[in-house]
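Numbering (this note's numbering), first residue to last: 67 to 370.
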């Protein structure tokens with residue numbers, strides 16, 4: 067029982083990062099109806115900038131400056147590039163996302179080199195005990211920072227004029243324009259926030275998965291799965307989806323061999339960690355088949 071509780075707690079801690087990155091994808095999808103698969107590489111590039119800054123200045127100033135630079139990059143991209151394909155067919159947006167993936171991946175490798183780099187870990191020390199449950203200090207740090215970021219974003223979206231205007235733009239851009247909301251600026255704000263959240267998520271996981279040009283690929287996939295699971299039009303759903311994915315990953319990694327043995331299935335599975343990603347693909351397919359709008363998303367009915 068203690069092992070189960072430990073795996074669930076650890077899964078929730080890693081799931082907050084997936085939820086954070088799912089928020090990135092949902093923010094962009096709500097405002098522009100585009101899934102930016104270059105977001106992971108953008109986050110990696112700004113994480114490299116954070117790594118370079120932390121050589122010169124302390125961790126938190128470097129962290130904050132890198133997040134601000136990410137915001138500026140995201141807003142500038144929306145203003146200079148994304149708005150040009152907003153009214154184009156979905157394939158145009160997909161190609162732009164693919165182009166961003168290749169550009170930022172190449173920039174990271176060309177400027178900083180392909181060699182893995184060690185990213186500073188601010189909260190070090192031996193694991194501590196919560197009863198019989200062992201908790202890694204840095205995992206708790208990731209969990210707490212992610213919760214704070216999510217809480218600040220929620221408060222911003224619900225209780226500030228800018229946040230309400232951004233939500234209105236995401237819900238119905240034409241109606242928002244009629245109400246006098248500067249929707250172009252709101253879209254820039256949305257892309258800037260998404261890029262900043264992506265950079266924060268990347269800097270949090272960089273000490274764990276080691277900084278290299280392709281480090282965010284799987285985090286992007288897990289975040290995408292979380293966004294689809296929760297609903298691409300639901301910010302709370304993105305967070306819940308991330309938590310579910312984090313817990314599911316851990317449970318599959320630990321208990322899949324026991325489940326296969328108990329059911330006497332004709333498979334020889336000794337290490338469940340090898341099948342964690344496959345389990346997520348299965349979850350994604352099941353959601354798309356039986357609840358394509360996600361657990362918290364709203365289904366839409368088009369009248370012809």
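Ideal Cβ placement from N, Cα and C applies to all residues, glycine included.
Distance, residue j Cα to residue i Cα
i, j, result
"residue 179", "residue 117", "13 Å"
"residue 153", "residue 194", "53 Å"
"residue 135", "residue 259", "11 Å"
"residue 215", "residue 137", "14 Å"
"residue 71", "residue 244", "51 Å"
"residue 155", "residue 296", "25 Å"
"residue 249", "residue 190", "44 Å"
"residue 283", "residue 110", "9 Å"
"residue 306", "residue 84", "10 Å"
"residue 241", "residue 235", "8 Å"
"residue 69", "residue 197", "12 Å"
"residue 251", "residue 119", "29 Å"
"residue 206", "residue 188", "12 Å"
"residue 370", "residue 335", "Interpretation of residue 370 is limited by its pLDDT of 46, a score under 50 that renders its predicted location unreliable; the figure taken from the coordinates is listed afterwards. Spanning the two alpha carbons is a distance of roughly 51 Å."
"residue 285", "residue 333", "28 Å"
"residue 122", "residue 237", "43 Å"
"residue 272", "residue 301", "24 Å"
"residue 114", "residue 227", "33 Å"
"residue 199", "residue 330", "30 Å"
"residue 203", "residue 150", "45 Å"
"residue 217", "residue 225", "12 Å"
"residue 108", "residue 124", "23 Å"
"residue 340", "residue 157", "34 Å"
"residue 267", "residue 294", "18 Å"
"residue 257", "residue 93", "8 Å"
Proximity of residue i and residue j at Cβ, strictly below 8 Å
i, j, result
"residue 320", "residue 308", "no"
"residue 349", "residue 291", "yes"
"residue 313", "residue 74", "yes"
"residue 77", "residue 166", "no"
"residue 82", "residue 212", "yes"
"residue 129", "residue 355", "no"
"residue 89", "residue 219", "yes"
"residue 253", "residue 98", "yes"
"residue 264", "residue 303", "no"
"residue 112", "residue 132", "yes"
"residue 182", "residue 278", "yes"
"residue 372", "residue 352", "Only positions 67 to 370 of the chain appear in this structure, which leaves residue 372 out of reach."
"residue 342", "residue 318", "yes"
Status (buried if at least 16 other CB within 10 Å, exposed otherwise) for residue i
i, result
"residue 280", "exposed"
"residue 80", "buried"
"residue 106", "buried"
"residue 287", "buried"
"residue 231", "buried"
"residue 221", "exposed"
"residue 315", "buried"
"residue 171", "buried"
"residue 126", "exposed"
"residue 176", "exposed"
"residue 239", "buried"
"residue 174", "buried"
"residue 209", "buried"
"residue 163", "buried"
"residue 161", "exposed"
"residue 344", "exposed"
"residue 276", "exposed"
"residue 159", "buried"
"residue 144", "buried"
"residue 394", "Look at the range of the chain in this structure, 67 to 370, and you will see that residue 394 is not part of it."
"residue 367", "Model confidence at residue 367 stands at a pLDDT of 48, short of 50, so the residue's coordinates are unreliable; what they give is reported in the following sentence. Result: exposed."
Element boundaries [alpha helix (DSSP H), containing residue i]
i, result
"residue 311", "301-329"
"residue 171", "156-178"
"residue 344", "342-356"
"residue 227", "227-237"
"residue 107", "105-122"
"residue 137", "125-146"
"residue 263", "249-275"
"residue 296", "283-296"
Enclosing beta strand (DSSP E) for residue i [first to last residue]
i, result
"residue 200", "199-201"
"residue 195", "194-196"
Whole-Å CB distance - residue i paired with residue j, under 8 Å assumed
i, j, result
"residue 95", "residue 101", "6 Å"
"residue 299", "residue 363", "5 Å"
"residue 223", "residue 140", "Contact flag wrong, Cβ pair sits at about 17 Å."
"residue 91", "residue 289", "6 Å"
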